[in-house]
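Numbering-wise (numbering that gives the first Met the number 0), the sequence shown opens with residue 0 and increments by one.
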Amino acid sequence: MREKLFHRDFTLVVIGQIISLLGNAVLRFVLPLYLLDVTGSRSLFGLCSAAAFVPMVVLTPLGGVVADRLHKQRIMVVLDFFTCALVALTALALGHLPLVPVLVAAMMLLYGISGAYQPAVQASMPLLCPPDRLVEALSRQKAEEVSSAADPGDLVIAADTVVAVGGRVLGKPGTPARAAEMLASLSGHTHTVYTGITVCRDGRFLTEHEATSVRFRSLSPADIYAYVSTGEPLDKAGAYGIQGLGALLVEGIEGDYGNVVGLPLVRLSRMLARFGLDVLSINAQKEPKT
Numbered sequence: 000m001r002e003k004l005f006h007r008d009f010t011l012v013v014i015g016q017i018i019s020l021l022g023n024a025v026l027r028f029v030l031p032l033y034l035l036d037v038t039g040s041r042s043l044f045g046l047c048s049a050a051a052f053v054p055m056v057v058l059t060p061l062g063g064v065v066a067d068r069l070h071k072q073r074i075m076v077v078l079d080f081f082t083c084a085l086v087a088l089t090a091l092a093l094g095h096l097p098l099v100p101v102l103v104a105a106m107m108l109l110y111g112i113s114g115a116y117q118p119a120v121q122a123s124m125p126l127l128c129p130p131d132r133l134v135e136a137l138s139r140q141k142a143e144e145v146s147s148a149a150d151p152g153d154l155v156i157a158a159d160t161v162v163a164v165g166g167r168v169l170g171k172p173g174t175p176a177r178a179a180e181m182l183a184s185l186s187g188h189t190h191t192v193y194t195g196i197t198v199c200r201d202g203r204f205l206t207e208h209e210a211t212s213v214r215f216r217s218l219s220p221a222d223i224y225a226y227v228s229t230g231e232p233l234d235k236a237g238a239y240g241i242q243g244l245g246a247l248l249v250e251g252i253e254g255d256y257g258n259v260v261g262l263p264l265v266r267l268s269r270m271l272a273r274f275g276l277d278v279l280s281i282n283a284q285k286e287p288k289t
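See below:
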């Protein structure tokens, strides 16, 4: 069955983009022309237009960092609110304050908002698709990047893992605060770990995924603080590693344990068999160590 395209989250992003286009991009186009029309100065028009790009150049990398650590939809909502507020304040100020400073300030702020806004949109787009398709796409992308530099006949294996709980997709936290937030959301609940695997050789690609249910015990704030303090969760999808101290947080699993670690070996071995590689037979042919 084909999945519905315009589901709620996708529709909200589309609406947000329309608001951003009408409230920001159009204004960034119109305000310099208005300045040129009023002042008649082409040099002022060019200078103000160039200056307006500075906040965009500065805030775009910062927006990417923030989007990686905070709730992306909230970032977009806040920036849309600021755009609306800026438009209202600019309209009020035009009749009471000098024209050029008002327009230059408005243009710089609009470009700055745009620079911070787009990374949040770009980072949220992958999260709009189901987790199984997301990990398959990410593993395929990794495999394509590596295979482009591989020699003929080389076998490339790529994988990507995420944790899904309550409609949210959790990647690697990166910061202790984000790790603590993720662990609190997993506490006392069952979540699903998805790993996408892509195997490729000589232009042939095979992509599949594995899903495993994991049940967490209830965690106290002290438990979360102690585990985060070990540093183990920071580079783990879902903020825990079941192969390490994170095993103390897990009450049970249903499915492939290796998938929770990050590489479902059973599924991988089946995929390799389709490339003519029987892992058990290869190891059986090896000479025993003396």
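The beta-carbon is built from N, C-alpha and C at its ideal position, and this holds for glycine as well.
Because the structure is a prediction, the values reported are computed rather than measured.
How is residue i classed by DSSP in three states: helix, strand or coil?
{"i": "serine 186", "result": "coil"}
{"i": "glycine 195", "result": "strand"}
{"i": "aspartate 222", "result": "helix"}
{"i": "alanine 163", "result": "strand"}
{"i": "isoleucine 112", "result": "helix"}
{"i": "leucine 205", "result": "strand"}
{"i": "alanine 210", "result": "strand"}
{"i": "alanine 158", "result": "strand"}
{"i": "arginine 1", "result": "For arginine 1, the pLDDT reaches just 44, beneath the cut-off of 50, and the residue's location in the model is therefore unreliable, although a value from the coordinates is still provided. If DSSP states are grouped into helix, strand and coil, arginine 1 belongs with coil."}
{"i": "leucine 93", "result": "coil"}
{"i": "alanine 87", "result": "helix"}
{"i": "alanine 149", "result": "coil"}
{"i": "threonine 59", "result": "helix"}
At what residues does the alpha helix (DSSP H) containing residue i begin and finish?
{"i": "phenylalanine 293", "result": "With the chain covering 0 to 289 only, the question about residue 293 has no answer from this structure."}
{"i": "aspartate 131", "result": "130-146"}
{"i": "tyrosine 256", "result": "256-260"}
From which residue to which residue does the beta strand (DSSP E) around residue i run?
{"i": "glutamate 253", "result": "249-253"}
{"i": "arginine 167", "result": "167-169"}
{"i": "aspartate 277", "result": "Segment: none, aspartate 277 is in no beta strand (DSSP E) and carries neither H nor E."}
Apart from the five residues on each side of it in sequence, which residues of its chain come closer than 6 Å, Cβ to Cβ, to residue i?
{"i": "valine 227", "result": "Pro175, Ala178 and Ala179"}
{"i": "glycine 261", "result": "Thr160"}
Tell me which residues share the same chain as residue i and place their Cβ nearer than 7 Å to its Cβ, disregarding the 5 neighbours each side in the sequence.
{"i": "valine 259", "result": "Val192, Thr211, Val213, Ile241 and Ile252"}
{"i": "phenylalanine 204", "result": "Arg139, Ala142 and Thr197"}
{"i": "valine 168", "result": "Leu126, Pro130, Leu133 and Val161"}
{"i": "leucine 137", "result": "Asp159 and Gly195"}
DSSP has residue i in a bridge; who is on the other side?
{"i": "phenylalanine 215", "result": "Val249"}
{"i": "arginine 200", "result": "Arg203"}
Of all the CB atoms in chain C, is at least one closer than 8 Å to the CB of residue i?
{"i": "alanine 24", "result": "Among the protein chains of the structure shown there is no chain C, as only one such chain exists."}
How about residue i: is its Cβ closer than 7 Å to a heavy atom in the ligand SAM?
{"i": "glycine 187", "result": "With respect to small molecules bound, the structure shown includes none, and the ligand SAM cannot be examined in it."}
Legend entry - Three or more C-beta pairs below 8 Å linking the stretch 185-195 and the stretch 214-222: Result yes; three or more Cβ-Cβ pairs closer than 8 Å.
Inset, instruction - Would you be able to state if there are at least three C-beta pairs under 8 Å between the stretch 154-172 and the stretch 226-240? - result: Short answer: they touch.
Legend entry - Cβ contact (3+ pairs, closer than 8 Å) linking the stretch 73-88 and the stretch 103-115: Contact holds: three or more Cβ-Cβ distances are below 8 Å.
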